[in-house]
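Engineer: One structure is given below, represented as structure tokens, and several questions about it will come after.
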Amino acid sequence: MLVRTAVGLAVLVALTIGLQHWRRLPLGVRPLTAVLRATLQLGVIALVLRGVLTFPALVVAFVALMLTTASLTSGARLRELWAGRRAALAGVLAGGIAATGLVLALGLVPFDARNIVAVGGILIGNSMSAATLSGRNFRTMALARAGEVEGWLALGAPPRTAYADIARRAVHEALLPTIDQTRSTGLVTLPGAFVGALFGGANPVEAARFQLVVLAGIMLTQTITGLTVARILSASPVLPVAAATPAAVPPPGPRSPREPHRPRAHGG
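Residue 40 in full-length UniProt numbering sits at position 40 of the sequence shown, and the numbers go up by one each step.
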């Protein structure tokens, strides 16, 4: 089974890289390195989780590790923004901790090590995505509306007033995929939590209940994270800097013939 899995993954990754190379997407071998890294990480996590689930006292340390990794990953994506790393850290912590804590406090899942790790991992991972999307949307929209922002600032408006609409739209765009996925669950997609619960032996009704808890938690964590990130970024006193892009190279074509040398006329 392991050999078949390895061969199947190799085929899927090869097709992914081939299609990206065919359409000249500048991703190189990143899909391969991503899968290799995921394989290594999942192997390590599988071993770690055996210890964590055996010794519940380690759960807090493991959740802290997930929060730290998510914050650093999202912060690296937002490092070009003013206070980008701080915004990512605050957003991931606020969204991940608040949503996970509320799900457990409401008794929606049993309060034990297994559920804390499972639900916490799902919600923290989604808070990381929300932080990255909100921050990158904020940057793109701020650059596109730079004149408007500069106008507000020139009139003496505080930065949060100048960026208010941009911040709202950045979070709105970041949340749309999650809302669409939630609306289409069961008709278009069968989410991982639902399928995992079924494979784990849960009956379909209990699996559906668990999935609903996860979906509601994801929407909450992403909303808190997005609002937190946008709130911090909108205090920026300066506009984001446009990412450097390589200079455009003109397409090859026939060269125009040089003009013949014309001797200058000399006055007599």
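The beta carbon of each residue, even a glycine, is placed where N, CA and C say it ideally should be.
Would you mind working out which of 139, 136, 101, 105 sits nearest residue 121, comparing C-alpha positions?
Structural biologist: Answer by Cα proximity: 101.
Engineer: Quick one: which unbroken alpha helix (DSSP H) runs of 4-plus residues sit fully inside the segment 139-201? Chain order, please.
Structural biologist: Whole alpha helix (DSSP H) segments, 4+ residues: 146-154, 159-162, 164-184, 192-199.
Engineer: Enumerate in chain order the residues of its own chain whose CB-to-CB distance from residue 35 is below 6 angstroms, with the five nearest sequence positions on each side excluded.
Structural biologist: Taken in chain order, the residues that qualify are 13.
Engineer: Per DSSP, what kind of secondary structure is residue 8 in: helix, strand or coil?
Structural biologist: Residue 8: helix per DSSP, three-state reduction.
Engineer: Using the Cα positions of residue 204 and residue 58, report the straight-line distance between them to the nearest angstrom.
Structural biologist: In a straight line, the C-alpha of residue 204 is about 31 angstroms away from that of residue 58.
Engineer: DSSP state of residue 126, grouped into three classes?
Structural biologist: In this structure, residue 126 counts as helix in the three-state DSSP scheme.
Engineer: Does the beta-carbon distance from residue 111 to residue 240 come in below 9 angstroms?
Structural biologist: The answer is no: Cβ separation not under 9 angstroms.
Engineer: Alpha carbon to alpha carbon, what distance is there between residue 44 and residue 66?
Structural biologist: Each residue's alpha carbon lies about 14 angstroms from the other.
Engineer: Could you check if residue 7 is buried or exposed, using at least 16 other CB atoms within 10 Å of its CB as the buried criterion?
Structural biologist: Exposed, since its Cβ has fewer than 16 Cβ neighbours within 10 Å.
Engineer: By DSSP, does residue 84 sit in helix, in strand, or in coil?
Structural biologist: Correct three-state label for residue 84: helix.
Engineer: Which two residues bound the contiguous alpha helix (DSSP H) that contains residue 238?
Structural biologist: Premise fails: residue 238 is in no alpha helix (DSSP H) and is neither H nor E.
Engineer: Roughly how many angstroms separate the alpha carbons of residue 107 and residue 165, rounded to a whole number?
Structural biologist: Cα to Cα, residue 107 sits roughly 37 angstroms from residue 165.
Engineer: Got a sec, what are the start and stop residues for the alpha helix (DSSP H) residue 66 sits in?
Structural biologist: 59-77 is the extent of the alpha helix (DSSP H) around residue 66.
Engineer: State buried or exposed for residue 28, treating a residue as buried only when at least 16 other CB atoms are found within 10 Å of its CB.
Structural biologist: Per the 10 Å Cβ criterion, exposed.
Engineer: By how many angstroms is the C-alpha of residue 91 removed from the C-alpha of residue 77?
Structural biologist: Each residue's alpha carbon lies about 13 angstroms from the other.
Engineer: Compare the C-alpha of residue 230 against each of 210, 193, 85, 20 and name the closest.
Structural biologist: Closest option to residue 230, Cα to Cα, is 85.
Engineer: For the ligand PLP, I want to know if residue 231 counts as a neighbour, meaning its beta carbon is within less than 8 angstroms of at least one of the ligand's heavy atoms.
Structural biologist: Of the ligands one can find in the structure shown there are none, so the ligand PLP has no counterpart to examine.
Engineer: Looking at the structure shown, is residue 210 part of a helix, part of a strand, or coil, going by DSSP?
Structural biologist: Correct three-state label for residue 210: helix.
Engineer: In the DSSP assignment, find the unbroken alpha helix (DSSP H) run with residue 35 in it and report its ends.
Structural biologist: Start and end: 30-54.
Engineer: Return helix, strand or coil for residue 109, following the three-state DSSP convention.
Structural biologist: Residue 109 falls in the coil class under three-state DSSP.
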